[in-house]
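In the working numbering, the protein residues as written are 1 to 123. Input: a single structure, listed below in structure tokens.
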């Protein structure tokens, strides 16, 4: 959802900032967020179901035990490191690319589209 959000929202945000001042753009996004919160009331939640486990007693696992098991597994740390590196480089690019393109004389719309492309290709 985050990467598609970059693709879908950033060009629109740039268009709002080009057409209006930042206060108006912020108000438009605040209204959109308010609508999302209002419509979230109507979302259905998934019904709880009992997960199948290999435990013979089917006792629920505590959060402490689950975290202890995860922290002791090499695969958890590898995937954690991978997500950290991916998130770090995407945020590094999202922070510095628009300023760099502006320094090179490109329009703000070009920087917005570049970030939108980063978002869509990061899916």
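Idealized CB from N, CA, C, for every residue including glycine. Because the structure is a prediction, the values reported are computed rather than measured.
C-alpha distance - residue i paired with residue j, whole-angstrom precision
i, j, result
"residue 101", "residue 24", "25 Å"
"residue 97", "residue 37", "31 Å"
"residue 59", "residue 71", "21 Å"
"residue 78", "residue 68", "16 Å"
"residue 43", "residue 29", "21 Å"
"residue 21", "residue 27", "10 Å"
"residue 64", "residue 81", "21 Å"
Proximity to residue i [Cα-Cα], best of the options
i, options, result
"residue 6", "77, 91, 72, 78", "91"
"residue 87", "22, 42, 123", "123"
"residue 118", "62, 89, 104", "89"
Cβ separation of residue i and residue j, assumed to be a contact under 8 Å, to the nearest whole Å
i, j, result
"residue 167", "residue 120", "Limits of the chain in this structure are 1 at one end and 123 at the other, which puts residue 167 out of reach."
"residue 94", "residue 18", "Wrong, their Cβ atoms sit about 19 Å apart, outside the cutoff."
"residue 167", "residue 112", "Summary: the structure shown does not reach residue 167, with the chain confined to residues 1 through 123, and so no result is reported for it."
"residue 10", "residue 115", "5 Å"
Where residue i sits in the DSSP three-state scheme
i, result
"residue 104", "coil"
"residue 121", "helix"
"residue 68", "helix"
"residue 45", "coil"
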